[in-house]
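*Asks:* The following block contains the structure, expressed as structure tokens.
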Amino acid sequence: MKILVINAGSSSLKYQLYDMSDESVLASGRVERIGMDSSIVTHEPVGALEVRDVSEILDHVSAVKRVIDLLTHKEYGVVTSMSEIEAVGHRIVHGGEVFKNSALVTMEVKKEIKRLFDLAPLHNPAHLMGITAVENVLPGVPQAVVFDTAFHQTMPDTSYLYPIPTVLYRRHGVRRYGFHGTSHAYVSDKAARVLNKPLESLKMITCHIGNGASCTAIKDGKSIDTSMGMTPLEGLMMGTRSGDIDPAIVPFVMNKEELTLNEASSMLNKHSGMLAISGLSSDMREVTDAMNEGDKNAKLAFDMYVYRVKKYIGAYAAAMNGLDVLVFTAGVGENSVVLRKAVMEGLTFLGLELDEKRNAARSKEARQISTDRSKVKALVVPTNEELLIARDTYALVNEAQ
Ligand code: AMP
């Protein structure tokens, strides 16, 4: 079965086509600047040259049409006809409390995604546009939705409630939802396989550290706590997001600087984190390079970033009363040798011992970076959210047949 995985944003649409017989990627690509005068389409058939063009793509329906044209194109295509695409899986940022698992798209499911617009105003409306566009272009093809929040629905109320008036939870759904769930689910499963141990027997902390970053405590295969909250702003220090701060700072600064709600939100989401402290960049590579050249602010940004990751690892080891496995993933987690080293140094009390050679080795494969005698295992596991979306879609479509 061939499955198309779609991640629809408000002005972009990313895709990957999977052949589920061996879980291989046949092609991937993206449409950018949808609805603007010059949209950019990049199509990458595996094993062939990338195709790039600039044209006018006014809406998501045209974007999906363009993707299907490319996938079935005589020259750059990877399938002979559109009928070979038997199912479509969508990444959906917010599934609220309703979606504890992935689901096949029905009228009811679309209604729920719409009901959740309030909680993810930038993402869920765009995802729904993606679903509707596929309905238009590939009528009758089953679609599934896979939620960033679903994996964290196993959290107990002690983790997901905030100590504020409970009426806010009941009335507006103010609680911790957590994000990057598809990634945490994928890497925890993969880590258990690499270690050849049942996931259900392990206490694991997965650190998804990219532009956005979150840590998750996984006990017996279930998320019991995660650092992102009601929105992806809480938790670790990130590229441009503040992560945890004293909430009283917000009204204080709004008052002193005469900021509007939007300005305050923009300050915390777009102008904070590593970018604010380094005064240079939100990109870990640039910050690390500057630090190595002696830039003091870059060093402070790096040290703060590391310190906060360490604090979450300590907190989650306490939450689980122990730790068996620590996993690093995403752009920074998979690639930054110095970040992993800095995080793991000083966590020896937990029983973590870094193997410097393994840590420095370059590989795209999941691998152990702790020493053989380390009580707690540390792993780098490249994330693959798209594959998990394809797998869930495949399972749901097969179940329904
Ligand atoms: P992501 O959001 O998962 O794509 O991750 C983006 C982040 O990964 C950026 O901060 C990049 O600087 C960082 N990153 C990517 N490659 C490297 C690398 N080789 N070393 C350090 N950081 C990296």
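Quick note: the sequence shown, position 109, residue 111 per our numbering, numbers continuous. All C-beta atoms in this analysis are idealised placements derived from N, C-alpha and C, irrespective of residue type, glycine included.
Can you say whether S185 is buried or exposed, counting buried as having 16 or more other CB atoms within 10 angstroms of its CB?
*Replies:* S185 comes out buried.
*Asks:* Which of helix, strand or coil does DSSP assign to E46?
*Replies:* Three-state result, E46: strand.
*Asks:* Return yes when the Cβ of L201 is within less than 8 Å of the Cβ of D423, no when it is not.
*Replies:* Residue 423 falls outside the range modelled here, since the chain spans only 3 to 403, and no answer is possible.
*Asks:* Return yes when the C-beta of M346 is under 7 Å from any heavy atom of the ligand AMP, and no when it is not.
*Replies:* No.
*Asks:* Hey, which unbroken runs of the beta strand (DSSP E) at 3 residues or more fall wholly within the region 23-87?
*Replies:* DSSP runs (the beta strand (DSSP E)) wholly in the region 23-87: 26-34, 41-47 and 53-57.
*Asks:* What is the C-beta distance between G183 and T151, in whole angstroms, given that I count them as a contact (C-beta under 8 Å)?
*Replies:* Confirmed, Cβ separation roughly 6 Å.
*Asks:* So what does DSSP say about Y17, is it helix, strand or coil?
*Replies:* DSSP places Y17 in strand when its eight states are reduced to three.
*Asks:* Flag this pair as yes or no: are the beta carbons of A29 and L73 separated by less than 8 Å?
*Replies:* Result yes, Cβ atoms of A29 and L73 sit closer than 8 Å.
*Asks:* Tell me, please, which residues DSSP counts as bridged to D227.
*Replies:* Answer is A219.
*Asks:* Give the secondary structure of M109 by DSSP, where H, G and I count as helix, E and B as strand, and everything else as coil.
*Replies:* The answer is helix: DSSP assigns M109 an H, G or I state.
*Asks:* Who are the Cβ neighbours of A412 in its own chain at under 8 Å, not counting the five residues just before and after it?
*Replies:* Past the edges of the chain, shown from 3 to 403, lies residue 412, and the structure says nothing about it.
*Asks:* Starting from V289, trace the alpha helix (DSSP H) in both directions and tell me its first and last residue.
*Replies:* M286 to N294 is the extent of the alpha helix (DSSP H) around V289.
*Asks:* Three or more C-beta pairs under 8 Å: does that hold for the region 139-150 against the region 94-111?
*Replies:* Verdict: yes, contact present.
*Asks:* When the Cα of R178 is compared with those of P234, K312 and T262, which residue comes out closest?
*Replies:* When only C-alpha atoms are compared, the closest one is P234.
*Asks:* Residue range of the alpha helix (DSSP H) that V252 falls in?
*Replies:* Taken as a continuous stretch (DSSP letters only), the alpha helix (DSSP H) holding V252 covers I251 to E259.
*Asks:* Tell me whether the beta-carbon of H154 lies closer than 8 Å to the beta-carbon of A332.
*Replies:* Cβ atoms of H154 and A332: not closer than 8 Å.
*Asks:* Leaving aside the five residues before and after L170 along the sequence, list all residues of the same chain whose C-beta is less than 7 Å from its C-beta, in chain order.
*Replies:* Within the same chain, L170 has close Cβ partners V176.
*Asks:* For V90, which residues of its own chain have a beta-carbon under 8 Å away from its beta-carbon, when the five flanking residues on both sides are left out?
*Replies:* If we look at V90 and ignore the five residues flanking it on each side, its Cβ neighbours are I5, L6, V7, I8, V136, L140, V143, P144, Q145, A146 and T395.
*Asks:* Are the CB atoms of T238 and S229 nearer to each other than 8 Å?
*Replies:* Residue identity differs from the one stated: residue 238 is Leu in this sequence, not Thr. Yes.
*Asks:* Looking at I207: is its Cβ nearer than 8 Å to the Cβ of L325?
*Replies:* Going by C-beta atoms, I207 is nearer than 8 Å to L325.
*Asks:* Answer with buried or exposed for V56, where buried requires no fewer than 16 other C-beta atoms within 10 angstroms of its C-beta.
*Replies:* It counts as exposed.
*Asks:* How is the alpha helix (DSSP H) around N138 delimited, first residue to last?
*Replies:* It spans N126 to V139 - the alpha helix (DSSP H) in which N138 sits, taken as one unbroken run.
*Asks:* When the Cα atoms are used, what is the spatial distance from V252 to A266?
*Replies:* Going from the Cα of V252 to the Cα of A266 covers about 7 Å.
*Asks:* With a cut-off of 8 Å on the beta carbons, I'd call T242 and S284 a contact; round off their distance for me.
*Replies:* Between S284 and T242 the Cβ distance is about 5 Å, and since that is below 8 Å, they are a contact.
*Asks:* May I ask you to check if the CB of A303 is nearer than 7 Å to at least one heavy atom of the ligand NAP?
*Replies:* Here the bound small molecules are the ligand AMP; the ligand NAP is not part of this structure.
*Asks:* In terms of DSSP beta bridges, what is V148 paired with?
*Replies:* Answer is R93.
*Asks:* Assuming T419 and R54 form a contact by the criterion Cβ under 8 Å, report the distance between their Cβ atoms to the nearest whole angstrom.
*Replies:* There is no way to answer for residue 419, as the model of the chain reaches only from 3 to 403.
*Asks:* Tell me whether D285, by its Cβ, gets closer than 7 Å to a heavy atom of the ligand AMP.
*Replies:* Under cutoff, so the answer is yes.
*Asks:* Identify the continuous alpha helix (DSSP H) that holds V308 and give its terminal residues.
*Replies:* Start and end: K298 to A321.
*Asks:* Would you say A292 touches the ligand AMP, meaning its beta carbon is less than 7 Å from a heavy atom?
*Replies:* A292: no, Cβ never under 7 Å from the ligand AMP.
*Asks:* At which residues does the beta strand (DSSP E) containing N9 begin and terminate?
*Replies:* Here the beta strand (DSSP E) through N9 covers K4 to A10.
*Asks:* Taking the alpha-carbon of A122 as reference, which of K113, I133 and I94 has the nearest alpha-carbon?
*Replies:* Closest by alpha carbon: I94.
*Asks:* Quick one: Cα of A319 to Cα of T168, how far?
*Replies:* So the alpha carbons of these two residues sit roughly 28 Å apart.
*Asks:* When you compare only the Cα positions, how much space is there between S83 and K76?
*Replies:* The straight-line gap from Cα to Cα measures roughly 10 Å.
*Asks:* Please state if the CB of V327 and the CB of A219 are separated by a distance shorter than 8 Å.
*Replies:* Against a cut-off of 8 Å, the Cβ pair of V327 and A219 comes out as no contact.
*Asks:* Heavy atom of the ligand AMP less than 7 Å from the Cβ of S338, yes or no?
*Replies:* S338: yes, Cβ under 7 Å from the ligand AMP.
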